[in-house]
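Chemist: Okay, here's the structure, questions in a sec.
In this note's numbering, the protein residues as written are 306 to 623.
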């Protein structure tokens, strides 16, 4: 609980809406995290979701004794008409979630894809601070990212920029490792996400006929120099390096900031630059690949930054 009256200080709320939980964090004017809490996400009832957001924001107002700014990151995007699209929270599909949330809260609300909010956080005081062009990549249950140019999120016509988890894995990798064409949750076949996300790494354990039934089990075995674990991780890092090389040729970032569960595997960072270099033509140098400074908190922090930056707008549709 905030122990002092903060009415004289502007407070900024970041919300991270996931498929299973909603997290709200309160940040002060210096973006120092003051307090945070979570509650389950009402996945199937749109009105219940709006009410849950309103209850959490009202609680934040009470805790901070002020009416804070609001930014929300969610797993999806807004189409050209402002309707929300999400594979994780079906009840929001086709809804004008920005308009409805603003009306519910009686204040401006900034919405952004949760992974793009992560990228913004890391360029604003995070691992990519002072970099002109920074690419954020989150590899967890899925694969996605965000591009920041001169400290601002890159915006695209259909809001689908950096959905690069849904480009196809190169044929050279599929043939080298005899990968089948895997069905992706997006409806396409052979997407990078189906191989490189956390569930894809676990699938590789099965593909190479190992005994590992979880990613932590695989990583522990790798650190214990078990041959099968080394084989799987060698293949995974080769695929990841090829993928990051492709992203470099597409976006040419100064730095790549990695988040999500895979970012916690410390051993990949030292190996990636050399692996990436194999997939470049002459003269191209691999950018640094680093872990996110704010880790799992980066998305909610980025949402708070968006809310703060756009506080004077009547309705904000990112």
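Idealized CB from N, CA, C, for every residue including glycine.
Just so we're clear, the structure is a prediction, and the values are computed from it rather than from any experiment.
Residue 486: buried (16+ other C-beta within 10 angstroms of its C-beta) or exposed?
Modeler: Residue mapping note: residue 486 aligns to position 181 of the chain shown, counting from 1. Exposed, because fewer than 16 other Cβ atoms sit within 10 Å of the Cβ of residue 486.
Chemist: Taking three-plus beta-carbon pairs below 8 Å as touching, is the stretch 515–522 in contact with the stretch 463–480?
Modeler: No, the stretch 515–522 is not in contact with the stretch 463–480.
Chemist: Does the structure place the stretch 376–389 close enough to the stretch 411–429 that three or more beta carbon pairs sit under 8 Å?
Modeler: These segments touch.
Chemist: Alpha carbon to alpha carbon, how far is residue 543 from residue 408?
Modeler: Residue 543 sits at position 238 when you count from the first residue of the chain shown. Residue 408 sits at position 103 when you count from the first residue of the chain shown. Roughly 49 Å between the two C-alpha positions.
Chemist: How long is the line joining the alpha carbons of residue 624 and residue 558, rounded to whole angstroms?
Modeler: The structure shown does not extend to residue 624, since the chain is modelled only from 306 through 623, so no value can be given for it.
Chemist: Apart from the five residues on each side of it in sequence, which residues of its chain come closer than 6 Å, Cβ to Cβ, to residue 344?
Modeler: Looking up residue 344 in the chain shown gives position 39. Result list for residue 344: 327, in chain order.
Chemist: Under a Cβ-count criterion, where at least 16 other Cβ atoms within 10 Å of its own Cβ denotes burial, should residue 325 be classed as buried or exposed?
Modeler: Within the chain shown, the letter at position 20 stands for residue 325. Burial call: exposed.
Chemist: Would you kindly check if the distance between the Cβ of residue 358 and the Cβ of residue 415 is under 8 Å?
Modeler: Counted from its first residue, the chain shown places residue 415 at position 110. Counted from its first residue, the chain shown places residue 358 at position 53. No, the pair does not count as a contact, with Cβ atoms beyond the cut-off.
Chemist: Express the C-alpha separation of residue 475 and residue 511 in angstroms, rounding to a whole number.
Modeler: Your numbering for residue 511 matches position 206 in the chain shown. Your numbering for residue 475 matches position 170 in the chain shown. Taking the straight line from one Cα to the other gives about 21 Å.
Chemist: Would you decide whether residue 400 is buried or exposed? Buried here means 16 or more other CB atoms lie within 10 Å of its CB.
Modeler: One-based indexing of the chain shown puts residue 400 at position 95. Buried is the call here.
Chemist: For residue 567, I'd like the list of residues in its chain whose CB is within less than 6 Å of its CB, leaving aside the five on either flank, ordered along the chain.
Modeler: On the chain shown, position 262 is the one that residue 567 refers to. For residue 567, where only same-chain residues beyond five positions count, the Cβ hits under 6 Å are 444.
Chemist: Ignore the nearest five residues each way along the sequence and tell me which others in residue 355's own chain have a CB closer than 7 Å to its CB.
Modeler: Taking the chain shown and counting its residues from 1, one reaches residue 355 at position 50. Once the five neighbours on either side are set aside, the close Cβ partners of residue 355 are 405, 406, 409.
Chemist: Taking all protein chains shown into account, decide if residue 621 is buried (16 or more other Cβ within 10 angstroms of its Cβ) or exposed.
Modeler: Taking the chain shown and counting its residues from 1, the one referred to as residue 621 is at position 316. Residue placement at residue 621 is poorly supported in this model, since its pLDDT is 47, which falls under 50; the coordinates still yield a value, given next. Per the 10 Å Cβ criterion, buried.
Chemist: Any chance the stretch 595–612 sits against the stretch 426–443, with 3 or more Cβ pairs inside 8 Å?
Modeler: In short, these stretches touch, since the Cβ pair count reaches three.
Chemist: Sort 373, 385, 365 by Cα distance to residue 461 and report the nearest one.
Modeler: In the chain shown, residue 461 corresponds to position 156, counting from 1. The shortest C-alpha separation from residue 461 is found at 385.
Chemist: Measuring only the C-alpha atoms, how far is residue 602 from residue 504?
Modeler: As a working note, residue 602 is residue 297 in the chain shown. As a working note, residue 504 is residue 199 in the chain shown. Distance between the alpha carbons of residue 602 and residue 504: 22 Å.
Chemist: Starting from residue 343, trace the beta strand (DSSP E) both ways and give me its first and last residue.
Modeler: One-based indexing of the chain shown puts residue 343 at position 38. Element bounds for residue 343: 338–345.
Chemist: Could you spell out the range, first to last residue, of the beta strand (DSSP E) harbouring residue 494?
Modeler: For this step, residue 494 is matched to residue 189 along the chain shown. Segment: none, residue 494 is in no beta strand (DSSP E) and carries neither H nor E.
Chemist: Evaluate residue 435 with the Cβ neighbour count: other Cβ atoms within 10 Å of its Cβ, from every protein chain shown; 16 or more gives buried, anything less gives exposed.
Modeler: As a first step, residue 435 is located in the chain shown; it is residue number 130 there, counting from the start. Counting Cβ neighbours within 10 Å, residue 435 comes out exposed, since fewer than 16 surround it.
Chemist: From residue 312 to residue 371, what does the alpha carbon distance come to, in whole angstroms?
Modeler: For the purposes of this step, residue 312 is taken as residue 7 along the chain shown, with counting starting at 1. For the purposes of this step, residue 371 is taken as residue 66 along the chain shown, with counting starting at 1. Note that residue 312 scores a pLDDT of 49, beneath 50, so its modelled location is shaky; the value from the coordinates is reported in the next line. Straight-line Cα distance between these residues: approximately 5 Å.
Chemist: Does the beta-carbon of residue 572 have 16 or more other beta-carbons within 10 angstroms, so that it is buried, or is it exposed?
Modeler: Sequence index remark: in the chain shown, residue 572 carries index 267 (1-based). So residue 572 ends up on the exposed side.
Chemist: Kindly list the residues whose CB is nearer than 7 Å to the CB of residue 350, restricted to its own chain and excluding five residues on each side of it in sequence; keep chain order.
Modeler: As a first step, residue 350 is located in the chain shown; it is residue number 45 there, counting from the start. Taken in chain order, the residues that qualify are 396.
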